[in-house]
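Asker: Here it is, the structure, as structure tokens.
In my numbering, the protein residues as written are 671 to 763.
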């Protein structure tokens, strides 16, 4: 049964969702979540902050793609920090 399942797409192994550890920056939490696309990685992630008891989230996706996941995550971190510096809590408006 296992052979036929693999051949015909049954029991596909879904990519396990990896729990991303956030990086705290000036009270914001930055989650680096590069998106794999055709062997490259799109710079993506999210920025979160609890404001007045409500968790606010800003999804961050750029058009840039890089050859390694770690490079995409590092670039995302730098861009997110710059965005926070420029916009502060207005990110969520």
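Just so it is clear, CB atoms sit at the ideal spot from N, CA and C, and this is done for glycine as well.
Spatial neighbours of residue 750 within its chain, please: C-beta separation below 7 Å, excluding the five flanking residues on both sides.
Answerer: Here the set comprises 700, 715, 717, 730.
Asker: Which same chain residues end up closer than 8 Å to residue 692 when comparing Cβ atoms and leaving out the 5 residues on each side of it in sequence?
Answerer: Residues 699, 700, 701, 718 of the same chain have their beta carbon placed closer than 8 Å to that of residue 692, with the five preceding and five following residues left out of the count.
Asker: In this structure, how does DSSP classify residue 649 when only helix, strand and coil are distinguished?
Answerer: The shown model of the chain, from 671 to 763, leaves out residue 649, and the question about it has no answer.
Asker: So residue 652 is in the alpha helix (DSSP H); what residue range does that whole segment cover?
Answerer: The chain is shown from 671 up to 763; residue 652 falls before or after that span and cannot be answered.
Asker: Classify residue 746 as buried or exposed, calling it buried when 16 or more other Cβ atoms lie within 10 Å of its own Cβ.
Answerer: buried
Asker: For residue 720, collect the residues of the same chain with a Cβ closer than 8 Å to its Cβ; drop the 5 residues on either side in sequence, then sort them by chain order.
Answerer: Around residue 720: 726.
Asker: Suppose contacts are defined by Cβ-Cβ distances below 8 Å. Is residue 711 in contact with residue 742 by that definition?
Answerer: Judged by beta-carbon spacing, residue 742 lies within the 8 Å limit of residue 711, meaning their Cβ atoms are closer than that value.
Asker: In angstroms, rounded to a whole number, what distance separates the CA positions of residue 697 and residue 724?
Answerer: Cα to Cα, residue 697 sits roughly 14 Å from residue 724.
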